[in-house]
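Position in the sequence shown (from 1) plus 3 gives the number in this note's numbering.
Report on the following structure.
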Amino acid sequence: MAKASDSLEYKTIAKQQLRRLDDGSIELCSVKRDIASSEQPLQLVLHYVDFNVPAEKHVWLEQELALLMRTPGDDKALVLGFLYTQGIIAKLTDIESLDFSEPNTVEIRLAKTVAVDFEQLQRHFPSHSGCGICGQSQLKQLGLSYPAFEGGEAWLVANELFTAPERLRELQLQFQSTGGCHGVGLLKLDSLGRFGFAAVAEDVGRHNALDKVIGNIFENATPVEHTALVFSGRVSFELVQKAVVAGISVILSIGAPSDLAIATAQQFNMTLIGFIRDGQANVYHDAGRLSGVAQNTAEKEQKAQEKGIGNR
């Protein structure tokens, strides 16, 4: 990337005045001040070369690409993650510059060698909950564009699985202040066998938080082998779709996945685990990546039998 102007600084939280109801009585309500997560628009404007004319007549075109309602902060990572997961860029050198000099706007200038198919982009843009037909169509198209993951290597230790959501919560500083944003983290197993978060992001939109994480690892060329995405809430098709594009085969969440999210995980041979809490979890699809689960189950059964409450 030739250059990237830093985004203007915006507050990620805002002070608000409210009335708090106490003891169920409106007479006992008190006026207090609280803080809320900030939500502001970010207009993405794309500048690219028109390849529909002869090379000697190439001209630059300008197109409003998307309007993202996001929590300000990590805007560069958000834009990179969005462009990458939408298939607009494949490497950093596909971007000539990012200009954040105007408030809540980013001017994206692509490299002269990058062709943009806006008709295809419209078909591939995220389908949010409620667009079932769109989601099924995108799932089919996704299968044509990306191969299924290989499975079989058991590297995800059960103990790390159960503690991941709580460890993510400890890193969600904005959530601790406002209670009003989603968190996504990239849990990574390093060469010494240690687990840790390589990237964490927060946003009022869980898809934005994920794009921020993906943009971070995209910009820093972070290897995604032996990594898992950890979500603070439910998992929709759109999130699994972005994980497929980013090459991340494991998803862990404290919440529930949708049926289409489960179908996508199965189609791409991913590990999808939800409702992780209190040492329990629902494994919707594994593909052999979980380690220590069978042993832990056997130990629990043995202890239960010793207490006289085992299987009879």
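Each residue gets a CB set at the ideal place from its N, CA and C atoms; glycine is no exception.
By the CB criterion at 8 Å, Ala80 and Glu99 fall outside the cutoff. In this structure, the beta-carbon distance from Gly183 to Val238 does not fall below 8 Å. Excluding residues up to 5 positions away in sequence, Gln270, Phe271 and Asn272 lie with their Cβ nearer than 8 Å to the Cβ of Ala151 in the same chain. Counting only runs of 3 or more residues that sit fully inside the segment 92–124, the beta strand (DSSP E) segments are 98–102 and 108–113, in chain order.
Secondary structure note for His288: its beta strand (DSSP E) is the uninterrupted segment Gln283 to His288. Note on Asp281: under 16 other CB atoms within 10 angstroms of its CB, so exposed under the neighbour-count rule. In the DSSP assignment, Lys191 falls outside any alpha helix (DSSP H) and lies within the beta strand (DSSP E) extending over His185 to Leu192. Membership of Ile251 in any alpha helix (DSSP H) is not indicated, and neither H nor E is assigned to it by DSSP. The Cβ atoms of Leu101 and Ile92 lie no closer than 8 Å to each other. For Gly199, the enclosing beta strand (DSSP E) starts and ends at Phe198 to Asp206.
Apart from sequence neighbours up to five positions away, the residues of its chain that approach Phe165 with a beta-carbon distance below 6 Å are Gly282, ordered along the chain. When secondary structure is reduced to three states using DSSP, Ile220 falls in the helix class. At the C-beta level, Ala157 and Arg292 come within 8 Å of one another. Cβ-Cβ separation between Glu42 and Val207: approximately 5 Å, consistent with a contact (criterion under 8 Å).
The segment 243–252 makes contact with the segment 213–228; the number of CB pairs closer than 8 Å reaches 3 or more. If you compare the alpha carbons of Phe200, Gln244, Val253 and Leu64 with that of Leu263, the shortest gap goes to Gln244.
As computed with DSSP, Leu159 is found in a beta bridge with Leu293. Scanning Gly84, Pro44 and Gly155 for the CA closest to the CA of Thr108 turns up Pro44.
The alpha-carbon of Gly76 is positioned some 11 Å away from that of Gln177.
Its chain contains Asp97 as the residues whose beta carbon lies nearer than 6 Å to that of Val117, once the 5 sequence neighbours on both sides are disregarded; these appear in chain order.
If you draw a straight line from the Cα of Gly188 to the Cα of Asp289, it comes to about 20 Å. Taking C-alpha positions only, Leu213 is separated from His61 by approximately 35 Å. Shown here, Val56 sits in coil according to DSSP, grouped into three states, outside any helix or strand.
In the structure shown, Leu45 falls within a strand segment according to DSSP collapsed to helix, strand and coil.
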